[in-house]
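Counted from 1, the sequence shown has number 438 at position 438 by UniProt numbering; the numbering is strictly sequential.
One structure is given below, encoded as structure tokens.
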Amino acid sequence: RPPLPPVALPLPSGSPTLLGGFPDTDPGYAGINHYLPHLRGNPSLLSPGLALSKGKTNVSIVIGIPSIRRPTDTYLYETIRSLLDGMDEAERADTLIFVCLTEPWNRTYVGDVADQLRTKFSRELAQGLLEMVVPKAGFYPNLDNLPPTLGDNPIRVKWRTKQNLDYAYLMMHASTRGKYYLQLEDDVQATKGFITSIKKAIAFNRGNWFILEFSTLGFIGRLFHTNQVPNMAEFLLMFHTQKPCDWLMEDYLWVQMCGHGEKWAKCLYKIKGVSRPIRPSLFQHLGLRSSLQGKVNKLKDKHFKITSDHKNFSISNPTVANIYTSLTSYANDIYDAYTGEKIFWATIPKDGDTIEFMYNPPITLQKLVITTGDGKHPSDILTDAVVEVLPSNPLSRPQPQLKNAGEAPHIHSMHQKAWLERANTLTELRSAIQSADQCEAAFVQVGKFDATGRVDVALKSDSELNPVWSIRIRVIATSKAWLIIKQIAITAQGAL
């Protein structure tokens, strides 16, 4: 076979000199040239050695697929066909499938794949819907003399190090071509209508998010804003020899979201606020033979749904600034119950105990449902408790009488602790309320738990109580049993 001629990969107007936001104009730039010092003075090594491309840009979703030669099975063509079959013509027009074939040392294999793509997907290549790039071999450092980490053998260290470099290269090149970047693998099946489903999820997930997760498996189905991809790519480059890519993604979120010494449950909740799982999953893992020789990968996504009605996305509670509780946890954390992932199991609730959900900015509460107890522990319910809200304009109405007149010392102490937590979280609140006693007087009861351990609250959007800083569960009599909070469902207008 004659050598395959490289095809220039056009850049969108205004793109940086090197794709993905790694400029080569500053010799002191401490980014890619620091992590891959062999590239210093050789910026051409970042351009593809081969590219089959029409230069399609300004799409809504760029699908990035890293691909490598496997010892036995090949799934790339099946993956591409599944993606194409899952899109209608309108979706195809607004999408780019970007394959990065990371085998620059194997010209025969690269040529075979290029020929197969031209044969099987000639129409899609001509339309610019599908394209392929191959990095230059010089992009990669020496992968045969890597420091051992995590107790892995040299073969595995080399495999996961190269995978990090593959992902970073793909991200740098693909992320300049559209508004959102979707990371896949070369061995997945897509559900019908997945592009429309993704766009609906984007529209639903307002507020600041970093990743929408359309699969439960590794890096598959992770959607990013393209303007955030360069930082993720740089993080992969920074620690490319240290950990696998999915672990590094978790570390990146930890660095971004968590304060030093912060409570683990609160930190995890903050991470989940910007890394949001979307169900049902839109992508299923197909492959059995891993690109790591000898490794068999039988992982399957149990949340995958072959067909999609574009409606079955899990609806999360509004983003909470903080959750305070005086209850003693036996199993799991109150954040787990708020996100719907697990129950919250606490020891006996005492008179005066509270669970408080704080929102900054305030939310317009429309509906609240809390269910306690479960089938195995039907007596672990809450009956002697009320639901209260703290309006954002508590001083605009006549002040009620203080609720804490003559209260027990331990209850007064709990009020003081809750007030400190509230004041630190809701900083604007202190301009209206200056003390724990004044704040207690401002809470308004909106519901009471019934004999089954359930409470339902409904408020009109234009209620004088809206918007609210806090929603609080307050125990009014010591319970005889422990407490399981099974479900927390809060609906707020325009909130996420």
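Think of the CB as a built atom: it goes at the ideal place given N, C-alpha and C, for glycine as much as any other residue.
{"Query": "N-terminal and C-terminal residue of the alpha helix (DSSP H) that M172 is part of", "Result": "P154 to A174"}
{"Query": "Nonlocal neighbours in the same chain, by C-beta distance under 6 Å from Q487, ignoring five residues either side", "Result": "T371"}
{"Query": "CB contact flag (D333, A265, <8 Å)", "Result": "yes"}
{"Query": "Simplified DSSP assignment, three categories, for I484", "Result": "strand"}
{"Query": "Inter-residue Cα distance where the pair is residue 515 and V468", "Result": "Since the first residue shown for the chain is 1 and the last is 496, residue 515 is missing from the structure and cannot be characterised."}
{"Query": "Inter-residue spacing [alpha-carbon to alpha-carbon] between V386 and F449", "Result": "6 Å"}
{"Query": "Short Cβ contact (8 Å threshold) for Y359 with A321", "Result": "yes"}
{"Query": "Beta-carbon proximity of V62 to Y181, cut-off 8 Å", "Result": "yes"}
{"Query": "Pick from R177, E89 and I278 that is closest to F204, judged by C-alpha positions", "Result": "I278"}
{"Query": "Bounding residues of the alpha helix (DSSP H) (the contiguous stretch that carries T119)", "Result": "R107 to K120"}
{"Query": "Contiguous beta strand (DSSP E) assignments of at least 3 residues, all confined to the region 337-380", "Result": "344-346 and 354-372"}
{"Query": "Rounded straight-line distance, which links the Cα of L286 to that of K458", "Result": "In the sequence under discussion, the amino acid at residue 458 is Ala, which differs from the Lys named in the question. Taking the straight line joining both Cα atoms gives about 45 Å."}
{"Query": "C-beta atoms of L52 and L125 nearer than 8 Å", "Result": "yes"}
{"Query": "Nearest-angstrom Cβ-Cβ length linking D384 and I476, presumed shorter than 8 Å", "Result": "5 Å"}
{"Query": "Residues near S396 in its chain [Cβ-Cβ closer than 7 Å; skip 5 each side]", "Result": "Low confidence applies here, because S396 scores a pLDDT of 48, under 50, leaving its location unreliable; read the following figure in that light. Answer for S396: no residue qualifies."}
{"Query": "4-residue-minimum alpha helix (DSSP H) runs that sit fully inside the region 221-291, ordered along the chain", "Result": "229-238, 245-257 and 264-274"}
{"Query": "Residues near G49 by beta carbon distance below 8 Å, same chain, minus five either side", "Result": "P6, P104, V134, P135, K136 and A137"}
{"Query": "Rounded C-alpha distance that separates T191 from Q284", "Result": "8 Å"}
{"Query": "Within 8 Å, strictly: CB atoms of Q228 and F210", "Result": "yes"}
{"Query": "Exposure of G273, with buried meaning 16 or more beta-carbon neighbours within 10 Å", "Result": "buried"}
{"Query": "Cβ distance (whole Å) where L327 is taken to contact D351 below 8 Å", "Result": "With a Cβ gap of about 12 Å, L327 and D351 do not count as contacting."}
{"Query": "Beta carbon of L143 nearer than 8 Å to that of K162", "Result": "yes"}
{"Query": "Proximal residues to N42 (C-beta, below 8 Å), its chain only, five neighbours per side dropped", "Result": "G138"}
{"Query": "Alpha carbon of I220 to alpha carbon of R81, nearest angstrom", "Result": "17 Å"}
{"Query": "Simplified DSSP assignment, three categories, for residue 499", "Result": "As shown, the chain starts at 1 and ends at 496. That puts residue 499 outside it, with no answer to give."}
{"Query": "Option in M257, Y167 and T491 with minimal Cα separation from L368", "Result": "T491"}
{"Query": "As assigned by DSSP and simplified to three states, the class of S413", "Result": "helix"}
{"Query": "DSSP state of K192 mapped onto helix, strand, coil", "Result": "coil"}
{"Query": "DSSP state of R123 mapped onto helix, strand, coil", "Result": "helix"}
{"Query": "Beta carbon of residue 497 nearer than 8 Å to that of T95", "Result": "There is simply no residue 497 to check, as the chain begins at 1 and stops at 496 in what is shown."}
{"Query": "Opening and closing residue of the beta strand (DSSP E) in which D456 lies", "Result": "R454 to A458"}
{"Query": "Cβ pair D380, L483 closer than 8 Å", "Result": "yes"}
{"Query": "Y75 in three-state terms, based on DSSP", "Result": "coil"}
{"Query": "Between the CA atoms of T427 and L236 - distance to the nearest angstrom", "Result": "36 Å"}
{"Query": "Beta-carbon proximity check, F443 vs L382, cutoff 8 Å", "Result": "no"}
{"Query": "Own chain, CB closer than 6 Å to I485, minus 5 neighbours either side, in chain order", "Result": "A337, F344 and T372"}
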